[in-house]
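With the numbering used here as the guide, the letters of the sequence shown map in order to residues 7 to 761.
Virtual Cβ for every residue (Gly too), placed ideally from N, Cα, C.
Here is the structure we will look at, set down as C-alpha cells.
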Amino acid sequence: MPEIDALFESINVRDLLAGHDLNDPTTPLSAPDLRLLINRLESHSLRIKSKVQSYLVAHHSDFSELFSLCQDAVSRTRLISDDVSDVLQLVSDRPIDVEIRSVVDEITEKTKEVKLKRESLDLVTAIVGICEALQETKEALKNGRVRFAAERIRELKVVLRIGEEEDGEPVAYALLRKEWSNCFEQIQEVLAKFIENAVRFELDSPRLRISYQLSVGETAGTALSTVLEAMEVIGMLDYGLAKAADLIFKHVITPAVTHASTFAAVEDLSKTSGEITEAILRLEQSSGHKIEDVDGDAIYSGILKVVKFICSSLCFGNVTWIHSFGRLTWPRISELIISKFLSKVVPEDASKLADFQKIIERTSEFEAALKELNFVSPSDAESRLSKYAEDVEVHFALRKKIEILATARNLLLQCNFTIPQAIKNANLKYDGVESLDVNSSKHIVYLLFSSERCVVSEAASQLMRLVHKTLEDVCVSSARVASEFYNAARDSILLYEAVVPVKLEKQLDGINQAAVLLHNDCLYLFEEILGFAFEYRASFPSSIKEYAVFADIAPRFKLMSEEVLQKQIHLVISSLREAIDSADGFQNTHQTKQFESANFSIEQVVFSLEKVHLIWEPVLRPKTYKQSMCVILESVFRRIARDILLLDDMAADETFQLQSLINLMLKNLSSLLGSLRSADDTSRSLDDLIPSLRKTRKLAELLVMPLKSITSAWESGELLSCNFTRTEVQDFIKATFTDSPLRKECLWRIDEGSQ
C-alpha cells in the first residue's frame, strides 16, 4: 500500500509544532501547544482511517482472494494433521517397521540362496569337468597316448591343488584328489612297466637290450622316447629310471669295475624296415690271461663305454634324462671304484706315494669325460674320485693309523699279564738282563728318569715299541701324514688306559701279579711319555709342533700307577686285619683253645705276608717293594702290639704264651725282613722304616721282664725310644703285676719321670 506508507511518512511532529524549538530541552511545552498537537494528531488519524477504508474498499477483491487462500491453507493443514494422526495411529496399532525388516531379511536370504545355488552350480560344473578330464586321461592311457595323459594329470594337479589341502573344503574335492591319486598311480605303474620292458638284461648271453617300441597289456606301439617324455612331464623320471639304473649298475657297471681286465662292451643295433628297433650292448670276456689293471685304464674306459651307450641309446642325448640317470648311479659307481680299486692301490709305503700320481691324472680325466657327457653335473660336488685320489696321503695315513690302532688293540687284548719264571728267579739288581733269555728280556725295561730296571708286561713293552716306530715315521712324513701318525701314537697310548683296566677288572680286586704289573706298566708309560718331547718333538714337522704334545696324558698314567699300588696295599692290609681279628685281641692265651686260635691267626698273617713277598719282590722296583711292604708290616705290628697292650689282666702263663707268639711271628718273618734289608741301598734301618717292629720286639721282652727292670727301662728312655707311651707302660704294669707297694712305687716313679 504505497499510499498508506506515504501518509505515515508525512506525519512530522516538528511540523505540527511549528515555531517551537524542540531542540531546547529547557523550553517546556505549553498547554495550548499540547492542545494544538492533539487536534492536529486527531485530524491526521481521521485522514489515515479514511484513506485505509478507501484502500480496503478499492482492493476488496484482492483481500477476499487472500483470505480465501489463507482459509484453504488452514484447511489443508488440518487435513495433513489428520493424516499424520492416522499414520501415527496406524504405526502405534501395527508395527510396520517390523514387517518391513522381515521382508528385507527375506529378500536378503533369497539373494544368498540364489548366490549359493549359482556357486554350487559352478562347483558342480567344475567337478563334472574334472571328472570328465580324469576319465579322458584314463581313456588316453588305455589308448597309449601316455604323453597326453601325463600332461592332463599335470594340469589337474594344479586345478585340484594337490599338496595344498585346506580345512573346510568340499568333500568332493577330497574324493577328486583320491581319484587323481589313483589315476596318477596308474600312470606311474604303466610308465614303469614300459621302462621295465624297454631295458632288459639277458644273463645267458650276457647282453643289455634296449627296446624302442614298447607294449604293456593291450597298449602297443608306444615309443620309448614318448614314455620318457611322459615321465618327465609328471615328475617321475627318477622313479621310472630307478629299476633300470639298478639293473645296469648290477649287471653291467659292477663287472666293468670288478673284472675290468676281462670285460669288453660291444654295441649293436637291430633294425626293422629301416628303423632302429633295439640297441644292444654285449658283454664279452676275454679268455686270455688276466692283466692287472694298475692304473685303472681298463676300469675307466669300460665304464665310459657303458655310460656313452646309456646316454645315446637310452637317454637319446637328452641332458635332463642323462642327469637323472647319473644321479641314480654315479654315487654308487664312485663308491664301487673307491672300494674295489682306489682304496686297494693306495701305497703301503710313504716312499711310493709319488707313483700314485698317474692314477690321480687318469681319475681326473675320467671324471672330466663324464661331465662332458652331462652324466655328472658340474655344479654338484661330484668329483669324489678325484678328491679321493688327490687325498691319497690322507688315505694312506688313515689306513696306517687303523693298522697301528688295530695292532695296539690286539696286543693289549692278547697279553696275559704274566712274567716268565726266569724273571721271578733272577735278581735284577745284580744279575742284569744278560742272564735272561730273549723272551724274558722283553719284560725288562729301563726307566728314563730313574735309571732303574723295571719288569713290565709284554703288552706295555710292545706298545712302546709300536709308538716309538710311529713317532719315527712322524719325523720323516709330510704334514698331513705326520698329523695322522701323531694321533695314532696318542690313541694307541690311550688304548692302554681304556682296555687294560677293564680287562684286568677282576684281578685288580685281588692280590695278584697282574695288578703290580699294571702298576709297573703305568709307571713305565708315564716316564716314556714324558721323554717323547725330548726325543722326537724337535724333529716333528713344523706344522704339528704347536699341538703335538704328550705331557697332557702322562699324569693320568702316573695317577693310575699310584691308585693301583695303593689299592693292592689296602687289600693286603684288609686281609691281614681279618686274620688278626680272628685272634680275638689275644685274650686268655694261657687257655689252650684261645692259644690255638691266636697261634692260627699269627700263622695266617705270616702266610699272607710271605705270599705278598713272593708276588711283589720279583716284579716291583726294589724301592717301591720296600716302601710298600714296610707300610704293610707297620700296620701289622702296630695292630698286634696295640691289641696286647690293651689287655687289662694277664696271668703269668699268659705273658709267656704271648711272648712265644711274638717270637714265632718274628722268626717266621725273618726271610721277609731280610729281603727288605737288601732291597735297596738306603742307609735307613728297618727299625726306622717300621717303627712298630722295634716296639713289638721290646714288647716280647717286657712280657717276661721284672717290674723294676721295666721301670728302669722307662727311666733310662729305652722304652720311649721304642715308641712306648707313659700310659701304655703304666697300663701294661697294671695288667701284668698285682697291686702292691712296689707296683705303686714303680707307677709313681714312671709318672714322676714323665714330668
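Rounded to whole angstroms, Arg-732 and Asp-757 show a C-alpha spacing of 7 Å. Taking 4 residues as the shortest admissible run, the stretch 717-749 contains the following complete alpha helix (DSSP H) segments, listed from N- to C-terminal end: 724-727, 732-742.
Boundaries of the beta strand (DSSP E) harbouring Ser-217: 213-217, taken from the DSSP string. In the three-state reduction of the DSSP assignment, Arg-107 falls in the helix class, which pools H, G and I.
Counting along the chain, the unbroken beta strand (DSSP E) around Leu-287 starts and ends at 281-291. Between Asp-558 and Gly-537, the alpha-carbon positions lie close to 13 Å from each other. C-alpha of Glu-273 to C-alpha of Ile-286: approximately 6 Å in a straight line. Rounded to the nearest angstrom, the Cβ distance from Arg-703 to Glu-458 is 32 Å, too far for a contact under 8 Å. Boundaries of the alpha helix (DSSP H) around Ala-248: 243-254. One thing to note: Val-451 has its Cβ within 9 Å of the Cβ of Val-462. Ala-403 is positioned such that its CB atom lies closer than 9 Å to that of Val-487.
Cβ neighbours of Ile-136 within its own chain (closer than 6 Å, five residues either side excluded): Leu-182. Gln-663 sits close to Ala-604, with the two beta carbons spaced by under 9 Å.
By the neighbour-count definition (other C-beta atoms within 10 Å, threshold 16), Trp-336 is a buried residue. In its chain, beyond the 5 residues on either side, Ser-231 have a beta carbon closer than 6 Å to the beta carbon of Phe-322. In this structure, the alpha-carbon of Leu-253 lies about 19 Å from that of Val-382. With fewer than 16 other Cβ atoms inside 10 Å of its own Cβ, Leu-275 counts as exposed. For the pair Phe-546 and Ala-554, the CB atoms are nearer than the 9 Å cut-off.
Residue environment analysis places Gln-95 among the exposed positions, since fewer than 16 neighbouring C-beta atoms fall within 10 angstroms of its C-beta.
Across the structure, Tyr-492 and Tyr-530 are spaced so that their CA atoms are roughly 20 Å apart.
In the three-state reduction of the DSSP assignment, Leu-679 falls in the helix class, which pools H, G and I.
According to the DSSP assignment, Tyr-631 belongs to the alpha helix (DSSP H) that extends over 628-651.
Between Ala-485 and Lys-406, the C-beta spacing is not below 9 Å.
Close CB contacts of Gly-591 within its chain, under the 6 Å cut and outside five residues either way in sequence, are with Asp-649 (chain order).
Ser-684 is the residue among Ala-719, Ser-684, Gln-610, Leu-220 whose C-alpha sits nearest the C-alpha of Tyr-631. For Phe-200, same chain residues with a beta-carbon under 7 Å away, outside a window of 5 residues either side, are Leu-220, Val-222, Thr-228, Val-233 in chain order. Counting the other CB atoms within 10 Å of its CB gives Pro-712 a total below 16, which places it among the exposed residues. With contact defined as three or more Cβ pairs closer than 8 Å, the stretch 740-753 and the stretch 651-660 are in contact. Scanning its chain for C-beta atoms nearer than 6 Å, with the 5 sequence neighbours on each side dropped, one finds around Glu-734 the residues Leu-651, in chain order.
Under the DSSP definition of a beta bridge, Leu-275 partners with Ala-285. Around the CB of Phe-73, fewer than 16 other CB atoms lie within 10 Å, so the residue is classed as exposed. It is roughly 17 Å from the alpha-carbon of Tyr-218 to the alpha-carbon of Lys-314.
Only residues of its own chain outside the window of five on either side were considered, and among them Leu-417 have a CB closer than 7 Å to the CB of Gln-468, listed in chain order.
From the listed residues Ser-548, Ile-575, Ile-535, the smallest Cα separation to Ser-641 is found for Ile-575.
For Arg-690, no alpha helix (DSSP H) run applies, since DSSP gives it neither H nor E. A Cβ-Cβ separation of about 5 Å places Ser-340 in contact with Leu-391 under the 8 Å criterion.
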